[in-house]
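Shown next, in structure tokens, is the structure this report addresses.
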Amino acid sequence: MEEKIALVTGGGTGIGAACCRSLSDAGFKVGIHYNSSKVKAEELAASLPNCFIIQGDVSTVEGIDSVYDVIKKDHNGQVDVLVNNAGIALDNPIFSANLDDFQKTMDINVRGTWYMIKRIARFMIRKKSGRIINISSVIGSVPNPTQSVYGMTKAAIDNLTKVAAIELAQYNILVNSVAPGFIDTDMTKKIPEELQKEIFKKIPLGRMGQPEEVGDVVKFLATSGTYITGSIIHVNGGMYG
Ligand code: NAD
16 MEEKIALVTG GGTGIGAACC RSLSDAGFKV GIHYNSSKVK AEELAASLPN
66 CFIIQGDVST VEGIDSVYDV IKKDHNGQVD VLVNNAGIAL DNPIFSANLD
116 DFQKTMDINV RGTWYMIKRI ARFMIRKKSG RIINISSVIG SVPNPTQSVY
166 GMTKAAIDNL TKVAAIELAQ YNILVNSVAP GFIDTDMTKK IPEELQKEIF
216 KKIPLGRMGQ PEEVGDVVKF LATSGTYITG SIIHVNGGMY G
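Using this note's numbering, the first residue of the sequence shown is number 16, and each one after it goes up by one.
Quick look at the structure:
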């Protein structure tokens with residue numbers, strides 16, 4: 016059986032790490048991509064049977080080009096599954112958010128996802144096969160005060176998913192978004208306990224999701240789901256869908 020490679024951006028932590036574990040369980044050789052979380056990426060790598068780590072800042076063209084170069088040189092230009100998970104959240108009302116934070120969030124979440132697809136899809140087009148899974152957010156669909164910029168980036172990712180799905184269908188490349196709700200990671204640990212209780216009231220299942228519950232869905236889209244493309248799969252305990 017041919018070895019298949021799955022590349023997960025921001026794979027050292029949270030949802031990305033859960034995706035790395037689930038894809039490893041499914042038999043993939045996993046490329047754990049990181050920017051600054053080197054120690055966490057190395058710790059995760061030590062626990063997976065068949066993987067490699069790869070560094071690059073997705074907010075810069077050079078950072079993504081370097082990921083492309085390493086895949087081309089060291090991994091025979093092969094990526095069967097790309098999970099665009101790297102992202103940051105910005106929590107600020109419009110009137111107090113500043114332009115530098117706006118730009119940084121756009122560069123990582125939007126341009127990073129778009130440019131990663133532009134570069135890595137080249138390998139899939141050559142092979143006439145591939146899966147691209149973009150991690151967006153329920154906040155791309157549901158307006159959330161203080162998260163205007165974050166919500167805009169995630170809505171942009173969902174639109175990108177739909178366009179890329181149409182453009183790449185001719186090469187047998189399936190493109191979908193997985194849109195998590197409130198998941199228990201470092202990103203949500205910052206939310207004060209009182210506010211968390213308010214959020215839980217809006218979630219029919221009454222709890223946060225675990226990163227593994229997102230990783231499971233990513234595994235399904237990477238290995239099954241052969242007639243699903245251009246879809247936004249919501250994983251949010253029933254709060255929206
Ligand atoms: P996290 O902070 O653990 O993960 C984000 C990852 O992105 C980290 O590994 C980080 O190092 C990486 N990253 C950030 N900037 C980068 C850059 N410039 N270059 C390369 N990598 C970079 O938090 P998480 O909750 O696991 O988030 C993962 C994804 O899931 C994000 O896209 C986030 O928006 C999305 N998401 C999270 C939740 C949630 O409730 N936790 C909900 C919806 C969507």
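The beta-carbon is built from N, C-alpha and C at its ideal position, and this holds for glycine as well.
>> To the nearest angstrom, how far is the alpha carbon of V125 from that of A61?
In response: Rounded to whole angstroms, V125 and A61 show a C-alpha spacing of 31 Å.
> With a cut-off of 8 Å, do at least 3 Cβ pairs link the stretch 63-81 to the stretch 226-236?
Replying inline: Short answer: they don't touch.
> Would the beta-carbon of T176 be found less than 7 Å away from any heavy atom of ligand 1?
Replying inline: Taking non-hydrogen atoms of ligand 1 into account, the C-beta of T176 is found less than 7 Å away from none of them.
> Just to check, is the beta-carbon of F215 closer than 7 Å to a non-hydrogen atom of ligand 1?
Replying inline: No, since every heavy atom of ligand 1 falls outside the 7 Å radius drawn around the Cβ of F215.
> Contact check, T128 vs L175 under 8 Å by CB: the rounded distance?
Replying inline: Taking a contact as a CB-CB distance under 8 Å, the pair T128 and L175 counts as one, their CB atoms being some 6 Å apart.
> Could you give the residue range of the beta strand (DSSP E) that holds K143?
Replying inline: Counting along the chain, K143 falls outside any beta strand (DSSP E), and DSSP gives it neither H nor E.
>> Let me check you understand the geometry: is the CB of F110 closer than 7 Å to at least one non-hydrogen atom of ligand 2?
In response: Here the bound small molecules are ligand 1; ligand 2 is not part of this structure.
> When you compare only the Cα positions, how much space is there between Q93 and S111?
Replying inline: Our two residues, Q93 and S111, have alpha carbons roughly 44 Å apart in a direct line.
> Just the Cα atoms here: how many angstroms apart are T203 and G26?
Replying inline: Cα to Cα, T203 sits roughly 17 Å from G26.
> Counting only beta-carbon atoms, is G71 nearer than 8 Å to chain C?
Replying inline: The chain labelled as chain C is not found in the depicted structure, where only one protein chain is given.
> Quick one, which of I198, S239 and P226 has its alpha-carbon nearest F215's?
Replying inline: It is I198.
>> Can you tell me whether P226 is helix, strand or coil according to DSSP?
In response: In the structure shown, the three-state DSSP call for P226 is helix.
> Per DSSP, K205 is paired with what?
Replying inline: In DSSP, K205 forms no bridge with anything.
> What does K44 pair with, by DSSP beta-bridge criteria?
Replying inline: I20.
>> Looking at the strands, I want to know which residues DSSP matches up with Y49.
In response: Answer is Q70, bridged to Y49.
>> Taking a contact to mean a Cβ-Cβ separation below 8 Å, would you say L63 touches C35 in this structure?
In response: Yes, these two residues count as a Cβ contact at 8 Å.
> CB I248 to CB S192, shorter than 8 Å?
Replying inline: Yes, the pair counts as a contact, with Cβ atoms nearer than the cut-off.
> Three-state secondary structure (DSSP) at S39?
Replying inline: The three-state reading of DSSP puts S39 in helix, counting H, G and I together.
> What residue does the alpha helix (DSSP H) around I172 start on, and which one ends it?
Replying inline: Unbroken alpha helix (DSSP H) run through I172: S163 to L183.
> What does a CB cutoff of less than 8 Å around Q162 pick up in its chain, not counting 5 residues either side in sequence?
Replying inline: A104, L105, D106 and I154.
> Bridge partners of S192, per DSSP?
Replying inline: Note: S192 is bridge-paired with N149 and I247 in the DSSP secondary-structure output.
> What is the residue span of the beta strand (DSSP E) that L63 lies within?
Replying inline: Looking at the DSSP string, L63 is not in any beta strand (DSSP E), and its letter there is neither H nor E.
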